[in-house]
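Chemist: The structure is given below, and queries will be raised subsequently.
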Amino acid sequence: MEARKQMIGQTITPEMVSNINTEAKMAAKTAVANFLNDWNTKTGGNEYGEPMYCGFAWVELPDMKLSTKLGKAFESVGFKKSWSRGLTMWDPAEHRGQSMDCKEVGAQAYAEVLRKYGVKAYMGSRAD
Numbered sequence: 000m001e002a003r004k005q006m007i008g009q010t011i012t013p014e015m016v017s018n019i020n021t022e023a024k025m026a027a028k029t030a031v032a033n034f035l036n037d038w039n040t041k042t043g044g045n046e047y048g049e050p051m052y053c054g055f056a057w058v059e060l061p062d063m064k065l066s067t068k069l070g071k072a073f074e075s076v077g078f079k080k081s082w083s084r085g086l087t088m089w090d091p092a093e094h095r096g097q098s099m100d101c102k103e104v105g106a107q108a109y110a111e112v113l114r115k116y117g118v119k120a121y122m123g124s125r126a127d
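Quick note on numbering that gives the first Met the number 0: the sequence shown kicks off at 0 and runs consecutively.
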């Protein structure tokens, strides 16, 4: 329990964001590759090489503001002002297919890395 409190209370600086983004992108891309490998093995795949449910996924930072140094650091790695509040990054795994499953897996993995550093981050998605 004490280790978890320390992890959640961790303070990141704007200088750390680039390295955290690199780690999170790698986690997202690896998660998508692992998901597709598993999916193709279990299902035999299809002509597209991915599940055919089309959609979008993104990472939300609901409490992050662009008016802060930390917010600007996240903007420099690809986050944009959200339509609702905070910041968003669409398709952090940069998966060039249309499968919502793949995009969700990547966004979830990216958000998990941010949470590891104490950043409030969620995966969001919607069907196309």
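We treat Cβ as the ideally placed atom computed from N, Cα and C, and that holds for glycine.
Treat the numbers as computed from the prediction; the structure is a model and nothing was measured.
#1: Does the beta-carbon of Met88 have 16 or more other beta-carbons within 10 angstroms, so that it is buried, or is it exposed?
#2: Can you give me the start and stop residues for the alpha helix (DSSP H) that Thr29 sits inside?
#3: Check the C-beta distance from Ala27 over to Tyr121 and give it rounded, since I have them as a contact under 8 Å.
#4: Once DSSP output is grouped into helix, strand and coil, what is the label at Glu46?
#5: By Cβ distance, which residues of its chain are closer than 6 Å to Leu60, with the 5 residues on each side in sequence left out?
#6: In terms of residue numbering, what span does the beta strand (DSSP E) encompassing Glu93 cover?
#7: Roughly how many angstroms lie between the CA atoms of Ser124 and Asn20, to the nearest whole one?
Modeler: This is what the structure holds:
#1: Taking a 10 Å sphere around the C-beta of Met88, we find 16 or more other C-beta atoms and assign the residue as buried.
#2: It spans 16-42 - the alpha helix (DSSP H) in which Thr29 sits, taken as one unbroken run.
#3: Rounded to the nearest angstrom, the Cβ distance from Ala27 to Tyr121 is 14 Å, too far for a contact under 8 Å.
#4: It is coil, neither helix nor strand.
#5: Once the five neighbours on either side are set aside, the close Cβ partners of Leu60 are Gly85, Leu86, Ala120.
#6: Per DSSP, Glu93 belongs to no beta strand (DSSP E) and is neither H nor E.
#7: The straight-line gap from Cα to Cα measures roughly 20 Å.
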